[in-house]
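A short write-up of the structure that comes next.
Numbering (our numbering), first residue to last: 5 to 447.
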């Protein structure tokens, strides 16, 4: 690991944290608890909503944050991954923590870890995610929010965030992802996610498939935790287009209520419904009016989730099979009658063959552009090209960089054509600044 020279310089702190392996053996929860204790158990008395899930958990957090802010509460939020800056992971009242506050939190964590190593040289350092979680709790202690919205990193049962005692637990959609760590079936993965359920603490969950729902209900029953499923009876998408999604939600207090989301992502109706139910459970009979909740949902912005960055240009973080299915549902709902371009990249540890099969078989894209990424985990473009080659009807082009792929489209795209970008959150993170800084007036 590199040595930190100046813990007051953001770039050095960021480089140090990046040097910590992201996917390594997790430390035990007692390890995280020990470090938190040495930090003074920061923010452990602040109410928490704890959110897990395969897809959509970040969006659920964003909707929750907006709902509580509309209520007049000061919010703290910890999510992952970030798209452009590490500061995105820690937010106060919807605003990314400053680089100065980020560095201050890092210095606190770095100091107690180094002090612990002096007494025990074999004491394991916190992982990449554990470091950022500890930093977030330090920030929350300093900022004193009224509520913390906390997203798990990987899984749930063994996740560093599982040291908290939440007021409400939320489990978003369960899918096949990180199978080498969480299990090779949705039921096994659901068991890991359900590991965040605590004794007597209510749990709100996405009830898409009976098999995963049964796992969550079983764990909740063991923990004497009341359950609040969100399924077809609780919400319904009424209408969607390239700009909005209208859905009805079965509120505990107002029967069916209509809401509108400022996104074309059909899948966000479920995530908003999970957030609304968790908000109701937390607030009990003091939720405010449907108009106030609508105002909060309308204000919610969550980058890289079917985000229309420029006219007819959408960036989506779909990065696994279920994410691609949801992405394709929204592309179909757009109903574009002209040409659709897709820029695609994927990580090597994903089910990329199935993701590519779904994209190629959808018939929605007239041209698919595969691009390389600087990420070590990225699947090489020649491998992506070879998989696409099995679908002769699909027109595919290969580019070394996202910039080159964007330049190709900007030289050819007509005004009414659509460009979609999907396959990886890392790709989304690369594309967002490129589009905003270099192509703002070229599409």
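Every residue, glycine too, gets a C-beta built ideally from N, C-alpha and C. All values reported here derive from a predicted model rather than from experimental measurement.
| query | result |
| --- | --- |
| Through-space distance from residue 77 to residue 190, alpha-carbon basis | 36 angstroms |
| Beta-carbon contacts of residue 216 that lie in its chain and below 7 angstroms, excluding the five residues immediately before and after | 178, 190, 191 and 194 |
| Burial state of residue 123 (16 or more Cβ within 10 Å) | exposed |
| Other residues of its chain near residue 422: CB distance less than 6 angstroms, five sequence neighbours each side excluded | 316, 340 and 344 |
| Cα-Cα separation, residue 384 to residue 346 | 17 angstroms |
| Neighbourhood of residue 134 by C-beta distance below 7 angstroms, restricted to the same chain and skipping five residues each side | 31, 36 and 164 |
| Neighbourhood of residue 59 by C-beta distance below 6 angstroms, restricted to the same chain and skipping five residues each side | 177, 179, 326 and 327 |
| Rounded distance between the beta-carbons of residue 356 and residue 391, thought under 8 angstroms | 7 angstroms |
| Inter-residue Cα distance where the pair is residue 244 and residue 204 | 38 angstroms |
| Cβ contact check for the stretch 265-280 and the stretch 48-66: 3 or more pairs under 8 angstroms | yes |
| Residue 6, DSSP secondary structure in three states | In this prediction, residue 6 has a pLDDT of 45, which is less than 50 and means its spatial position is unreliable; what the coordinates show is noted afterwards. Here residue 6 sits in coil by DSSP. |
| Buried or exposed by the 16-neighbour rule on C-beta atoms within 10 Å, applied to residue 309 | buried |
| Span of the beta strand (DSSP E) around residue 222 | Looking at the DSSP string, residue 222 is not in any beta strand (DSSP E); the run it does join, the alpha helix (DSSP H), is 214-226. |
| Buried versus exposed, by CB contacts within 10 Å (16 or more), residue 322 | buried |
| Boundaries of the beta strand (DSSP E) in which residue 250 is found, first to last residue | 249-255 |
| Beta-carbon gap between residue 173 and residue 201 smaller than 7 angstroms | yes |
| Sequence-distant residues of its chain with Cβ nearer than 7 angstroms to residue 438 (five each side left out) | 406, 407 and 410 |
| Under 7 angstroms between C-beta atoms of residue 33 and residue 167 | yes |
| Cα-Cα separation between residue 228 and residue 218, rounded to whole angstroms | 15 angstroms |
| Nearest-angstrom Cβ-Cβ length linking residue 80 and residue 137, presumed shorter than 8 angstroms | That belief does not hold up - the Cβ atoms of residue 80 and residue 137 are roughly 12 angstroms apart, past 8 angstroms. |
| Cβ pair residue 241, residue 270 closer than 7 angstroms | yes |
| Element boundaries [alpha helix (DSSP H), containing residue 70] | 61-74 |
| Alpha carbon of residue 162 to alpha carbon of residue 21, nearest angstrom | 21 angstroms |
| DSSP beta-bridge partners of residue 346 | 372 and 424 |
| Range of the contiguous beta strand (DSSP E) that encloses residue 210 | 207-210 |
| Status (buried if at least 16 other CB within 10 Å, exposed otherwise) for residue 12 | exposed |
| Residue 152 - DSSP class collapsed to helix/strand/coil | strand |
| Residue 99 versus residue 84 - alpha carbon distance | 15 angstroms |
| Simplified DSSP assignment, three categories, for residue 30 | coil |
| One or two residues paired with residue 177 in a DSSP bridge | 59 |
| Extent of the continuous beta strand (DSSP E) to which residue 244 belongs | 239-244 |
| Sheet register partners of residue 382 (DSSP bridge) | 351 |
| Endpoints, beta strand (DSSP E) assigned at residue 96 | 94-96 |
| Residue of 389, 415 and 414 minimising C-alpha distance to residue 404 | 389 |
| Neighbourhood of residue 255 by C-beta distance below 6 angstroms, restricted to the same chain and skipping five residues each side | 261 |
| CB contact below 7 angstroms: residue 65 versus chain B | Considering every chain present, this structure includes no chain B. It has just one protein chain. |
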